[in-house]
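This report concerns only the one structure given below.
Numbering (our numbering), first residue to last: 16 to 170.
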């Protein structure tokens, strides 16, 4: 390149052009270029986020409750029904407990269309908790509970 031949000048001009092009690529981006780069990246991230959200929704619709959620639902059911029966020490609990728990199970399964509590989709968990807390035995069952608890026991 130091010789003064035609070929050396061509090589030298080629390297100078390459150097200029490299410097242009290294120049800081203008504000418009930065915004365009961010927007491009945001678009792809947004699309990935939508895909992840769709997958999560699909999973919560297809799979049943995790064990901890199923246990919370089960405990909520137990507390609610025992309260209706008058507590664990009540006569209605001893005599009618199975009947009331079975009635709840039938109503719950009919309402949600599932064979077991833990088969409820995770997306319906809050609805299942609300249903459990607001459930009431049938009128006839409530009369039976009241009458049973009113009976006196003679030992």
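Every residue gets a Cβ at the ideal spot worked out from N, C-alpha and C, and that includes glycine.
Three-state secondary structure assigned by DSSP to residue i
i	result
residue 91	helix
residue 135	coil
residue 45	coil
residue 117	helix
residue 74	helix
residue 20	coil
residue 64	helix
residue 149	helix
Proximity of residue i and residue j at Cβ, strictly below 8 Å
i	j	result
residue 96	residue 116	yes
residue 110	residue 163	yes
residue 160	residue 107	yes
residue 137	residue 80	yes
residue 144	residue 100	no
residue 154	residue 126	no
residue 133	residue 85	yes
residue 114	residue 156	yes
residue 44	residue 52	yes
residue 91	residue 148	yes
Residues near residue i by beta carbon distance below 6 Å, same chain, minus five either side
i	result
residue 105	164
Nonlocal neighbours in the same chain, by C-beta distance under 8 Å from residue i, ignoring five residues either side
i	result
residue 20	none
Near the ligand MN: residue i beta-carbon under 7 Å from a heavy atom
i	result
residue 119	The model on display carries no ligand, and the ligand MN is accordingly not part of it.
Closer than 8 Å to chain B by CB, residue i
i	result
residue 159	The chain labelled as chain B is not found in the depicted structure, where only one protein chain is given.
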